[in-house]
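Going by the numbering used here, the sequence shown opens with residue 21, and the numbers climb by one from there. Yeah, the Cβ is synthetic: ideal placement off N, Cα and C, and Gly gets one too. I have placed the structure first, in the form of structure tokens, so that the comments after it can refer back to it.
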Amino acid sequence: MNDPLISVENVSVSYGDAGALDDFSLDVAQGSLVALVGPSGCGKTTALRVIAGFQHPDEGKVTIHGTVVVGNGKDVPPEKRNVGMVFQEYALFPHISVAENVGYGVRGADRIQRVHDVLKLVGLEHHGSRFPHELSGGEQQRVALARALAPQPDVVLLDEPFSNLDAPQRERMRRELRKILKGAGATAVFVTHDQAEALAIADVIAIMRDGRIVQFGIPDDVYAEPVDPWVARFLGDAILLSGVVQDGHVATILGSIDTRLPAGSHTDVMIRPEWISPRIDPDGRGKVVDREFYGHDQRVEIELPGGERIEALVPTANRMTVGDRVDLEIVDAIVWEKK
Ligand code: ADP
Ligand code: MG
């Protein structure tokens with residue numbers, strides 16, 4: 021990455037004895053939308069607070085747009101960092117209009133124009149004179165986003181911005197959010213505990229566990245090549261098996277999986293349900309014992325000769341029925357040396 025817009029280097033934060041960030045590092049490229057995703061309590065909010073300047077790190081350094089904002093003896097206050105923040109609970113001012121909320125941090129002669137432009141960007145140009153309570157949850161969320169974008173910040177930080185919305189609104193908003201941020205050319209870090217949301221929306225996803233980033237990459241790559249079983253399971257459905265390497269392969273209940281690990285290695289093997297391709301075959305080793313039809317695909321539960329059951333996700337063109345005997349082809353698999 022050439023010259024990241026935000027660079028967080030080796031930041032540690034503890035509250036009393038408890039560590040919230042542990043040698044946390046993150047680079048964010050200009051114009052990219054990074055999702056910081058991890059289970060509740062892993063340190064996501066703390067990381068955003070350090071970047072924004074609301075939390076002083078015990079150690080480490082943050083650089084924004086080439087300027088060290090904290091570290092090396094410096095500590096630039098939040099209002100001087102040119103960072104916009106969208107909080108979980110929106111934090112709109114209830115007693116002033118939408119336009120006044122949006123214009124709150126904007127100075128200069130073109131303030132009215134800027135407020136209009138940014139309200140238009142979020143599709144609320146006709147709602148400027150309303151009060152926050154006269155808007156739906158999704159509209160309030162867009163006002164919060166407009167307010168963060170209005171001063172033209174270098175960076176927008178969003179902390180679980182959809183947590184107050186119901187499921188259909190969330191899906192709509194996440195698509196809109198992506199379009200709005202891209203339309204504004206913004207660089208953004210978006211925090212969520214919802215891996216599906218992170219995979220759907222982000223250019224790059226950073227997976228956090230226990231105060232540090234365990235994997236960083238484009239969604240396709242981290243999904244297809246998780247670094248360990250924990251990340252594999254966190255990001256989606258995963259069948260986890262184990263076995264010892266012999267002769268360039270691991271023998272598992274699903275058959276033999278190729279690997280370059282040396283003979284004798286103890287391994288964890290991970291297969292996504294859509295990496296299993298069952299084929300109807302009267303002499304097949306497996307038997308379909310359950311099936312759920314989704315239209316675009318089907319989830320098929322298959323019983324193996326040893327009685328184990330696994331689930332495959334299969335395109336509906338390859339129609340399966342309960343009772344079918346199937347042979348299994350494993351299209352892809354990840355093999356890790358056991359830790
Ligand atoms: P996340 O946003 O991923 O849920 P947080 O950054 O809020 O995680 O918290 C990380 C850890 O730090 C958690 O264990 C949390 O309980 C703890 N923590 C957060 N804020 C404080 C605080 N002000 N005082 C003490 N502990 C805190
Ligand atoms: Mg949080």
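{"query": "Residue from ASP257, GLY203, LEU201 whose Cα sits closest to the Cα of GLN215", "result": "ASP257"}
{"query": "Residue closest to GLY125, alpha-carbon to alpha-carbon, out of ALA170, GLY91, VAL106", "result": "ALA170"}
{"query": "PHE44, buried or exposed, once every other Cβ within 10 Å from all chains shown has been counted against 16", "result": "buried"}
{"query": "Pairwise C-alpha distance: VAL320 and ARG311", "result": "4 Å"}
{"query": "Beta-carbon proximity check, PRO249 vs ASP288, cutoff 8 Å", "result": "yes"}
{"query": "Buried versus exposed call for PRO97 [16 or more other C-beta atoms within 10 Å across all chains shown]", "result": "exposed"}
{"query": "Cutoff 8 Å; reference VAL9; Cβ partners in own chain excluding five residues on either side", "result": "Nothing can be reported for residue 9, as the shown portion of the chain is limited to 21 through 359."}
{"query": "Contained beta strand (DSSP E) runs [length at least 3] in the segment 131-214, N- to C-terminal order", "result": "175-179, 207-212"}
{"query": "Straight-line Cα distance separating GLN318 from ALA337", "result": "10 Å"}
{"query": "Outcome for ARG232 when other beta-carbon atoms lying within 10 angstroms are tallied against a minimum of 16", "result": "buried"}
{"query": "Nearest neighbour of ALA111, chosen from ARG131, GLN160, HIS147 [CA to CA]", "result": "GLN160"}
{"query": "Which residues DSSP lists as bridging PHE236, in chain order", "result": "ALA226"}
{"query": "Under the three-state DSSP convention, the category ILE221 falls into", "result": "helix"}
{"query": "Contacting residues, own chain, Cβ-Cβ under 6 Å from GLU328 (five flanking each side not counted)", "result": "ILE273"}
{"query": "Beta-carbon proximity of THR212 to VAL28, cut-off 8 Å", "result": "no"}
{"query": "Proximal residues to GLY354 (C-beta, below 6 Å), its chain only, five neighbours per side dropped", "result": "Checking the displayed sequence, the identity of residue 354 turns out to be Ile instead of Gly. Excluding sequence neighbours, ILE354 sits near MET290."}
{"query": "Closer than 7 Å: ASP214 CB and nearest the ligand MG heavy atom", "result": "no"}
{"query": "Exposure label - THR207; buried when at least 16 CB within 10 Å", "result": "buried"}
{"query": "Among LYS199, ASN184, PHE236, nearest to ILE221 - alpha-carbon criterion", "result": "LYS199"}
{"query": "Buried or exposed by the 16-neighbour rule on C-beta atoms within 10 Å, applied to ASP241", "result": "exposed"}
{"query": "Nearest to HIS146 (by Cα), restricted to the options ASP130, VAL118, ASP179, LYS202", "result": "VAL118"}
{"query": "Beta strand (DSSP E) segment containing TRP356, residue limits", "result": "354-357"}
{"query": "Residue interval of the alpha helix (DSSP H) (run including LYS64)", "result": "64-72"}
{"query": "Range of the contiguous beta strand (DSSP E) that encloses ASN30", "result": "26-35"}
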